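Student: In the working numbering, the protein residues as written are 157 to 463.
My questions will all concern the structure given below.
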């Protein structure tokens, strides 16, 4: 950011995460109870994790923000950042209602409305499972090879998760699986762990990065920066920092064939994850990030940095 991003609210020497860092820090410091973030590759979960807040990146169209004047992007969705889970639930119930919007006195259909027969998504609900008589423990799906980044034949990456993050993750699993819930005076295990594997996980991550980079480039060039090679304004805010410009240039050179190939990989990925959630697990648990909040490098306040 040209004017410096907000520092980590718990350690001013560290980063607060991004890109919705302002929203997360405003909540973490008590300035506001709820703030909205926009997430295309982690811009809600990353600042939530590093700034000690709760981030809820909802599905496409649940928090509608697209309009005739705001781009619809196939990787960007919005969601709340709050101080605790209860506040996140309240924000979901309040802001996630179907919306009939108007612009310039005319009704405007949301881009995703057609997917729901023209009426928009159904209202959100947060009904405890036990009220429906379902006493089964929650099945927590864990892809251990990916979480620990120990390569296997079906996935795994090459980035090592910090020991502190991995140990905290394992402690979380232990607490969830040893806790019990009392229903009608019966003690029932709260959760069980279901280990699963995911084919071509590294390829899925690569495809998402390509899609996000190309669409970010498209929206940036069209709406904000007026091209990379020719400047049409003297406003310094139309210039990109070097790290950002490199990212934009990478996205600029993604061909249509490459982008369509990545979209096909994403369709494959969605089918695989849907299969896990339908057949094996109720929820999927992973660390939010593989490392704790990064230290701000010297000089980054003036020039920014990319890692």
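Positions of the beta carbon are idealized from the N, C-alpha and C atoms, including for glycine.
Values in this document were obtained by computation on a predicted structure and should not be read as measured data.
Could you check which residue in 456, 182, 196, 180 has the C-alpha nearest to that of residue 373?
Tutor: It is 196 whose Cα lies nearest to the Cα of residue 373.
Student: Three-state secondary structure (DSSP) at residue 190?
Tutor: Three-state result, residue 190: strand.
Student: Could you pull out every residue in the same chain whose Cβ sits closer than 6 Å to the Cβ of residue 450, ignoring the five residues on either side in sequence?
Tutor: Cβ neighbours of residue 450 beyond the five flanking positions: 171.
Student: For residue 238, which option in 420, 186, 284, 430 has the closest C-alpha, if you only look at C-alpha atoms?
Tutor: Comparing Cα-Cα distances from residue 238 to each of 420, 186, 284, 430, the minimum goes to 186.
Student: Any idea which residues DSSP pairs residue 451 with across the strands?
Tutor: Answer by DSSP bridge pairing, in chain order: 170.
Student: Please check the pair residue 184 and residue 209, which I expect to be a contact at CB under 8 Å, by giving their CB distance rounded to whole angstroms.
Tutor: Correct: roughly 5 Å between the Cβ atoms.
Student: Just how far apart, CA to CA, sit residue 101 and residue 425?
Tutor: Residue 101 lies beyond the stretch modelled for the chain, which goes from 157 to 463, so this question has no answer here.
Student: Considering only their Cβ atoms, is the gap separating residue 211 from residue 193 smaller than 8 Å?
Tutor: Taking 8 Å as the Cβ cut-off, residue 193 and residue 211 qualify as a contacting pair.
Student: Just to check my reading of the structure: residue 283 and residue 249 have Cβ atoms closer than 8 Å, yes? What is that Cβ distance to the nearest angstrom?
Tutor: Contact flag wrong, Cβ pair sits at about 11 Å.
Student: What does DSSP give as the partner residues of residue 402 in its beta bridges?
Tutor: Answer is none; residue 402 lacks a bridge partner.
Student: DSSP on residue 210, reduced to helix/strand/coil?
Tutor: Note: residue 210 maps to strand in three-state DSSP.
Student: Between the beta-carbon of residue 297 and the beta-carbon of residue 439, is there less than 8 Å?
Tutor: Yes, they are a contact pair.
Student: Rounded to whole angstroms, what's the CA-CA distance from residue 279 to residue 168? Just pull it up for me.
Tutor: Going from the Cα of residue 279 to the Cα of residue 168 covers about 40 Å.
Student: Using alpha carbons as the reference points, say which of 240, 370, 422, 433 lies closest to residue 411.
Tutor: Checked all of 240, 370, 422, 433; the closest Cα to residue 411 is 370.
Student: What are the residues that DSSP puts in a beta bridge with residue 163?
Tutor: For residue 163, which the question treats as bridged, DSSP gives the partners 171.
Student: Tell me residue 297's beta-bridge partners as DSSP assigns them.
Tutor: Residue 297 is bridged to 350, 440.
Student: If you check the beta carbons only, do residue 448 and residue 319 fall under 8 Å apart?
Tutor: No, the pair does not count as a contact, with Cβ atoms beyond the cut-off.
Student: From the DSSP output, in three-state form, read off residue 234 for me.
Tutor: Strand.
Student: State the Cα-Cα distance for the pair residue 445 and residue 401, rounded to the nearest angstrom.
Tutor: Those two C-alpha atoms are separated by around 25 Å.
Student: Which two residues bound the contiguous alpha helix (DSSP H) that contains residue 428?
Tutor: Taken as a continuous stretch (DSSP letters only), the alpha helix (DSSP H) holding residue 428 covers 412 to 435.
Student: Is it true that the CB of residue 205 sits closer than 8 Å to the CB of residue 161?
Tutor: Contact flag unset, no.
Student: Rounding to the nearest angstrom, what Cα-Cα distance links residue 423 and residue 299 in this structure?
Tutor: Using only the alpha carbons, I get a separation of about 20 Å.
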